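For the sequence shown, the UniProt record's numbering begins at 1 and goes up steadily by one. In this text, a Cβ means the ideal position worked out from N, Cα and C, and glycines have one as well. If you're wondering where the values come from, they're calculated on a predicted model, not measured in any experiment. Written out below as structure tokens is the structure these notes cover.
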Amino acid sequence: MYESYLTGLIVGGGLIIAIGAQNAYVLSQAIRREYHWWAAGLCMVADITLFTLGMFGISAALMAMPQALEILRWLGVAFLGWLSVQAFLQAGGGRASLKTTETAGRSLKGVLFTTLAVTLLNPQVYLDTLLLIPAVGAQQENTTGFVAGASSASIIWFGLLAWGGSTLAPVLSRPLVWRIIDGAIAVMMATIAIQLAVNGNF
1 MYESYLTGLI VGGGLIIAIG AQNAYVLSQA IRREYHWWAA GLCMVADITL FTLGMFGISA
61 ALMAMPQALE ILRWLGVAFL GWLSVQAFLQ AGGGRASLKT TETAGRSLKG VLFTTLAVTL
121 LNPQVYLDTL LLIPAVGAQQ ENTTGFVAGA SSASIIWFGL LAWGGSTLAP VLSRPLVWRI
181 IDGAIAVMMA TIAIQLAVNG NF
């Protein structure tokens, strides 16, 4: 079981880290301290749910509906484009110094909705969690251990993003730093949206 767990941890971790838009959003929320643990927790739950569903054969249903991935693809392009425009406007207009002791800006509902959108409007998430993960997991001696390893990777990674971002928040509280952060997020979101539109995945 240990070997299967370790394989799941490595494979799952590599796939999760590669999903740029989700990571960028959780990190930005952590630096702002806007319900960042909620966002990270929701990403963990989504990953664990998809890993488990994939191992139970939901991947076959997904393969039978390729048009669903295409719809998600263009919804993802539109949503990421919107996030990019928002970040560009914030970078250009500037913002007040980061308030590290209070939650401001978006509501909890808004943060959870955006987290779900960034997570579920990425076709690559389904290809990874419902196809690739089950393909590798089916070759393991202990599939339960493999899923547990992949799930642990999600918990560890998003926990580190939430903790690391919030810990660095006081250092990143100056308006000039936030212009740079918003600008970097805008470029990243725009790049991912273009890549999704052209290549079909992040």
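Can you give me the start and stop residues for the alpha helix (DSSP H) that residue 179 sits inside? 175-199
Starting from the C-beta of residue 40, find all residues in its chain whose C-beta is less than 7 angstroms away, skip the five residues before and the five after it, and write them out in chain order. 26, 158, 159, 161 and 162
Round the Cβ separation of residue 15 and residue 132 to the nearest angstrom and send it over; I've been treating them as touching at under 8 angstroms. The Cβ separation is near 7 angstroms, so the contact holds.
Leaving out the 5 sequence neighbours to the left and right, which residues in its chain are closer than 8 angstroms to residue 5 when beta-carbon positions are compared? Within its own chain, the residues whose Cβ lies closer than 8 angstroms to the Cβ of residue 5, once the five positions on either side in sequence are excluded, are 142, 145, 146, 148, 149 and 152, listed in chain order.
What does the Cβ neighbour count give for residue 34, buried or exposed, with the cut at 16 atoms within 10 Å? The C-beta of residue 34 has 16 or more other C-beta atoms within 10 Å across all chains shown, which makes the residue buried.
Considering only residues of the same chain and omitting the five flanking positions on each side of residue 12, which have a CB-CB separation below 6 angstroms? 150 and 153
Please report the Cβ distance between residue 137 and residue 44, rounded to the nearest whole angstrom; I am assuming they are in contact, meaning their Cβ atoms lie under 8 angstroms. The Cβ separation is near 18 angstroms, so there is no contact.
For residue 79, which residues of its own chain have a beta-carbon under 6 angstroms away from its beta-carbon, when the five flanking residues on both sides are left out? 117 and 121
Considering only C-alpha positions, which residue in the set 29, 77, 47 and 37 is nearest to residue 192? 77
Ordered along the chain, which non-local residues of its own chain (more than five positions away) have a Cβ less than 6 angstroms from that of residue 197? 77
Between residue 106 and residue 85, what straight-line distance do the alpha-carbon atoms span, to the nearest angstrom? Take the alpha-carbon of residue 106 and the one of residue 85: they are about 17 angstroms apart.
Check this for me: beta carbons of residue 91 and residue 186, under 7 angstroms apart or not? Yes, these two residues count as a Cβ contact at 7 angstroms.
Please check the pair residue 115 and residue 51, which I expect to be a contact at CB under 8 angstroms, by giving their CB distance rounded to whole angstroms. Rounded, the Cβ-Cβ distance is 18 angstroms, inconsistent with contact.
Helix, strand or coil at residue 171 according to DSSP, with G and I counted as helix: coil
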